[in-house]
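Accompanying notes for the structure given below.
Chains as they are written, first to last, in my numbering: chain A, 1 to 155; chain B, 156 to 310.
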């Protein structure tokens, strides 16, 4: 499939999802022009605030391929990824991102990804959500144990 | 439970998870001092790049409470949230974040959350992962349908 055909699939999913009671977002993960998995926004339908189209597609593709590393795959998403989804795309090591609608379009219909982008850019003490740091001296033990572990599975 | 007890639980989970073959991260979601749900990093164990401790705890708490809106809850995480997890925390509307280890500590043991923070701050054309925009004129239809839908469930 061409990149336009793959994006059309993501767009079709986003339109169908509105009809099915979900948010207007769809995503496709492909490798060498073949669809590996798809995802739609099911936040309200499945009571899962992380169930954005991209996260759903990444989880489905990883399960299908049996790996947490999607190198060699690309994502086609009907809207610019929010910070959560962009982070997921980096952790999944996807090769390339294609998107159609942008975060301003999303804001215009009530999805304020821009707010989260702005928050992440702020120093912790200036963010809207209060953050408190505590007990680092105890938590560092897990990191020391990890560093000293011989048979760990890195990622 | 006090905030120190709740953080100790997150830390205990992070230490146990290393012993169980997972990454050194644990998280607890609490409301009024009571634990609602917990999560650990199962990226490699479950082949899911999104299965960080915080995302796992948010998904578990949402499932338990039957809602995508965790307002009134707080998250205790053994390490500063990465951008994916911070995004998830915002989408879940958690009231407050407590963390112990920070992103520099994480980088020191090979988890480069800092890289993703740096990438998100860059304009799209300067990011490491190539991004291409296409077919917005077709994708906008889903947004128009959403805007015009009367019985939609907002979030």
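Each residue gets a CB set at the ideal place from its N, CA and C atoms; glycine is no exception. In this text the structure is predicted, and so the values were computed from the model without any measurement.
Determine, for residue i, whether the minimum Cβ-Cβ distance to residues of chain A falls below 7 Å.
| i | result |
| --- | --- |
| residue 227 of chain B | no |
| residue 238 of chain B | yes |
| residue 156 of chain B | no |
| residue 205 of chain B | yes |
| residue 170 of chain B | yes |
| residue 276 of chain B | yes |
| residue 281 of chain B | no |
| residue 183 of chain B | no |
| residue 202 of chain B | yes |
| residue 247 of chain B | yes |
| residue 297 of chain B | yes |
| residue 230 of chain B | no |
| residue 294 of chain B | yes |
| residue 264 of chain B | yes |
Short of 7 Å in beta carbon distance, which residues of its chain neighbour residue i, apart from the five on each side in sequence? Order them along the chain.
| i | result |
| --- | --- |
| residue 31 of chain A | 72, 73 |
| residue 192 of chain B | 184, 212, 215, 216, 219 |
| residue 88 of chain A | 54, 55, 58 |
| residue 283 of chain B | 274 |
Excluding sequence positions up to five away, which residues of its chain have a Cβ less than 8 Å from the Cβ of residue i?
| i | result |
| --- | --- |
| residue 44 of chain A | 21, 22, 23 |
| residue 248 of chain B | 224, 225, 226 |
| residue 16 of chain A | 26, 40 |
| residue 238 of chain B | 268, 271, 272, 275 |
| residue 12 of chain A | 26 |
Alpha carbons only, please: which of the options is nearest the one belonging to residue i?
| i | options | result |
| --- | --- | --- |
| residue 306 of chain B | A:9, A:4, A:18, A:115 | A:18 |
| residue 101 of chain A | B:302, B:290, B:161 | B:290 |
| residue 251 of chain B | B:241, B:302, B:258 | B:241 |
| residue 230 of chain B | B:188, B:277, B:292 | B:188 |
| residue 258 of chain B | A:139, A:52, A:149 | A:139 |
| residue 155 of chain A | B:203, B:279, B:304, B:277 | B:203 |
| residue 35 of chain A | A:42, A:126, A:4 | A:4 |
| residue 81 of chain A | B:236, B:207, B:279 | B:279 |
| residue 8 of chain A | B:277, B:281, B:292 | B:292 |
Are the CB atoms of residue j and residue i within a distance shorter than 7 Å?
| i | j | result |
| --- | --- | --- |
| residue 205 of chain B | residue 28 of chain A | no |
| residue 77 of chain A | residue 10 of chain A | yes |
| residue 109 of chain A | residue 285 of chain B | no |
| residue 169 of chain B | residue 142 of chain A | yes |
| residue 287 of chain B | residue 98 of chain A | yes |
By Cβ distance below 6 Å, which residues in the same chain neighbour residue i in space, the five residues on each side in sequence not counted?
| i | result |
| --- | --- |
| residue 106 of chain A | 79, 113 |
| residue 144 of chain A | none |
| residue 156 of chain B | 188 |
| residue 161 of chain B | 183, 185, 231 |
| residue 111 of chain A | none |
| residue 42 of chain A | 22, 51 |
Say whether chain B places a C-beta atom closer than 7 Å to the C-beta of residue i.
| i | result |
| --- | --- |
| residue 105 of chain A | yes |
| residue 87 of chain A | yes |
| residue 78 of chain A | yes |
| residue 134 of chain A | yes |
| residue 38 of chain A | no |
| residue 64 of chain A | no |
| residue 130 of chain A | yes |
| residue 57 of chain A | no |
| residue 145 of chain A | yes |
| residue 101 of chain A | yes |
| residue 116 of chain A | yes |
| residue 150 of chain A | no |
Please decide whether residue i counts as near chain D, where near means a Cβ-Cβ distance under 7 Å.
| i | result |
| --- | --- |
| residue 164 of chain B | As a matter of chain content, chain D is missing from the structure shown, whose protein chains are A and B. |
Handout entry: Unbroken stretches of the beta strand (DSSP E), 3 residues or longer, contained in the segment 57 to 83 of chain A
Key = Runs found: 74 to 79.
Problem - Ordered list of beta strand (DSSP E) runs contained in the segment 234 to 283 of chain B, each at least 3 residues - result: Runs found: 251 to 256.
Practice task
Please list the segments of the beta strand (DSSP E) lying wholly inside the segment 169 to 219 of chain B, counting only runs of 3 or more residues, in order along the chain.
Solution key: With a minimum length of 3 residues, the continuous beta strand (DSSP E) runs that stay inside the segment 169 to 219 of chain B are 181 to 186, 189 to 195.
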